[in-house]
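In what follows, a structure is listed as structure tokens, so that the remarks can point back to it.
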Amino acid sequence: MTTQVQSCGIYARISQDDGTALGVGRQIDDCAAEALRRAWPVAEIFSDNDVSATRTKPRPEYERLLREIELGAIDAVVVFDVDRLTRTPSELERFIDLADRHHVALASVGGEVDLATPQGRLTARIKGNVARHEVEQMSRRLKRKFQQSAAEGKSHGVVPFGYRRLRQLDDHGRDVGGQDVVHPEEAAAVRELYKLVVAGASLRNLAKYLNDQGFKTKRGNPFQGNVVGNMLRKPRYAGHRTHANQIIGKGDWEPLVSQDLYDEALAVLSAPGRRHSRGLEPKYLLSGLGLCGRCTSVLRPNVGTRRPPSYVCPKCMKLTRQIAPVDAVVNAVIVGRLSEPSLLANLSPEPSALMDSVQARDAILGRMDSAADSFAAGEITARQLGRINEQLQTQLQAAEIRVARNQPSRVLDGMTGASAADAWAAASIDRRRAVISALASITVLPTGPGIRFSPEQVRVDWKENA
Ligand SMILES: [Zn+2]
109 MTTQVQSCGI YARISQDDGT ALGVGRQIDD CAAEALRRAW PVAEIFSDND VSATRTKPRP
169 EYERLLREIE LGAIDAVVVF DVDRLTRTPS ELERFIDLAD RHHVALASVG GEVDLATPQG
229 RLTARIKGNV ARHEVEQMSR RLKRKFQQSA AEGKSHGVVP FGYRRLRQLD DHGRDVGGQD
289 VVHPEEAAAV RELYKLVVAG ASLRNLAKYL NDQGFKTKRG NPFQGNVVGN MLRKPRYAGH
349 RTHANQIIGK GDWEPLVSQD LYDEALAVLS APGRRHSRGL EPKYLLSGLG LCGRCTSVLR
409 PNVGTRRPPS YVCPKCMKLT RQIAPVDAVV NAVIVGRLSE PSLLANLSPE PSALMDSVQA
469 RDAILGRMDS AADSFAAGEI TARQLGRINE QLQTQLQAAE IRVARNQPSR VLDGMTGASA
529 ADAWAAASID RRRAVISALA SITVLPTGPG IRFSPEQVRV DWKENA
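For the sequence shown, our numbering assigns the number 574 to the last residue and increments by one with no breaks.
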């Protein structure tokens with residue numbers, strides 16, 4: 109900021125979550141001293157009493173500060189620390205945008221971040237946004253805020269199912285955050301859920317499994333299938349920290365499942381046909397799974413009272429085929445394939461390919477961890493950490509895809525060989541759908557008018573290795 113500051117605003121906020129009970133008066137005194145040091149004339153003081161410790165409570169003085177900046181009446185702001193100014197990463201971004209547009213200089217006296225420089229802004233962003241968990245490590249005020257929200261049930265999932273949070277107190281008996289430790293009963297249930305997913309259980313059945321044992325969500329509700337699905341997708345159960353749905357490093361908690369089991373379950377959860385089920389058990393073999401031969405959309409069941417149930421294409425609306433004969437063809441073809449002795453040999457992917465891809469993925473995670481360690485130790489700057497993480501994130505995504513592709517498919521366990529027909533007859537519709545997804549894609553071909561059903565109208569494209 110090279111232009112001379114004309115009129116500076118001081119912003120102070122007191123909140124109940126502040127472990128040091130830093131008063132507004134003290135904040136304003138320190139900010140005024142900082143403004144004096146910088147030779148910024150103080151025009152106005154804004155202060156909010158934000159005692160509810162929620163992140164959504166309106167702050168009238170903060171809003172007034174933003175309006176004054178919009179009007180051009182304030183061209184510099186001094187705060188005690190960045191966490192006095194903004195309470196969430198999105199609030200920080202909004203403030204930085206506003207400051208950019210109006211050339212507002214920003215300064216803090218907290219000693220950690222000087223927002224008047226581009227470097228300081230980046231540091232604030234990384235602290236407030238990208239490396240949210242580093243902030244938790246550094247700032248016990250933020251830590252307490254999260255914890256309080258969790259205790260009030262406001263932030264669903266802050267203490268994940270399978271864990272409980274141990275509170276940690278400092279020498280003065282102040283709450284300085286917590287450590288997630290394994291909740292034995294819930295953790296056992298989570299491990300079982302991953303095994304059930306890999307074995308082909310539906311989300312609905314997973315929810316039933318939890319509800320039958322009396323487990324409740326953290327909000328005290330029964331589990332729904334889609335809730336369980338979203339829960340099991342969380343990389344934290346394999347020990348990874350995430351922010352904004354991206355893995356950013358290793359967690360300080362005990363993983364509940366191995367990386368292998370997590371990867372396999374994720375592959376099953378992400379398989380075609382899962383995505384559309386929304387926790388409801390599909391009743392038909394190919395609904396959301398079979399493809400329209402005209403437009404390649406996924407087929408839906410159409411079940412009325414007057415006609416026999418049919419698969420229809422919801423997109424082009426030009427394909428309708430009765431369910432029973434189509435399913436009969438698919439059942440016969442898949443059982444035939446499962447009975448062939450060569451199948452298992454073909455299906456096992458190269459073990460060395462899996463090992464290589466896992467090692468490559470773990471190496472990237474290791475580099476992310478050591479970059480975070482270097483940043484924490486002050487060996488690299490926030491800007492460097494940001495650049496490193498950006499590059500590694502791209503590599504990590506590619507590596508995760510390679511790992512998923514090389515997973516052996518446990519979904520065929522017990523379904524192959526001489527007893528394939530019996531196993532198929534005994535398998536649930538979920539399991540059958542999972543097997544079909546693993547082996548082939550099924551397309552129902554269009555026909556001309558008046559042409560009767562024949563098995564050639566169902567095309568089976570075997571997947572690579574199948
Ligand atoms: Zn179609």
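The beta carbon of each residue, even a glycine, is placed where N, CA and C say it ideally should be.
Predicted model only: the values in this text are computed from it and were never measured.
Cβ of residue i within 8 Å of any heavy atom in ligand 1?
| i | result |
| --- | --- |
| M425 | yes |
| S405 | yes |
| R341 | no |
| R567 | no |
| R408 | no |
| R429 | no |
| E402 | For the sequence presented, residue 402 should be read as Arg rather than Glu. Checking every heavy atom of ligand 1 against the Cβ of R402, one is found closer than 8 Å. |
Report the partner residues of residue i according to the DSSP bridge assignment.
| i | result |
| --- | --- |
| C400 | V552 |
| G117 | E152, V185 |
| K358 | H348 |
| P417 | Bridge partners of P417: none, in fact. |
| T624 | No statement about residue 624 is possible, as the shown extent of the chain runs from 109 to 574 and does not include it. |
| L274 | Q287 |
| R408 | V420 |
| N329 | Paired residues: none, contrary to the question. |
| I177 | I177 pairs with nothing; no bridge assigned. |
Buried or exposed for residue i, please, with buried defined as at least 16 other CB atoms from any protein chain shown within 10 angstroms of its CB.
| i | result |
| --- | --- |
| W148 | buried |
| V289 | exposed |
| C424 | exposed |
| L393 | buried |
| A471 | exposed |
| S216 | buried |
| D538 | buried |
| Y345 | buried |
| A352 | Reliability of the predicted coordinates at A352 is poor, the pLDDT of 48 falling under 50, and the value obtained from them is presented with this limitation in mind. Classification of A352: exposed, given that the 10 Å Cβ count is below 16. |
| G261 | Low confidence applies to G261: its pLDDT is 31, below 50, so where it sits in the model is not reliable, and the reading given next is rough at best. Exposed, by the Cβ-count rule. |
| C139 | buried |
| D191 | buried |
| C403 | exposed |
| S198 | exposed |
| D183 | buried |
| Q255 | With a pLDDT of only 42 at Q255, under 50, the local geometry of the prediction cannot be trusted, and no value is derived from it. |
| E362 | exposed |
Is the distance from the Cβ of residue i to the Cβ of residue j below 9 Å?
| i | j | result |
| --- | --- | --- |
| L462 | V552 | no |
| Y370 | P343 | yes |
| A542 | V376 | yes |
| L174 | F203 | yes |
| L314 | G333 | yes |
| R146 | V186 | yes |
| R510 | A546 | no |
| G117 | A151 | yes |
| G270 | A297 | yes |
Within the continuous alpha helix (DSSP H) that includes residue i, where are the two ends?
| i | result |
| --- | --- |
| Y392 | From DSSP, Y392 is part of no alpha helix (DSSP H); its letter is neither H nor E. |
| A141 | 132-145 |
| A375 | 367-377 |
| A534 | 528-534 |
| A207 | 197-210 |
| E293 | 292-306 |
| I544 | 537-547 |
| R312 | 311-320 |
| V267 | Careful: V267 lies outside any alpha helix (DSSP H) and carries neither H nor E. |
Please list the terminal residues of the continuous beta strand (DSSP E) segment that includes residue i.
| i | result |
| --- | --- |
| V566 | 566-570 |
| A215 | 213-216 |
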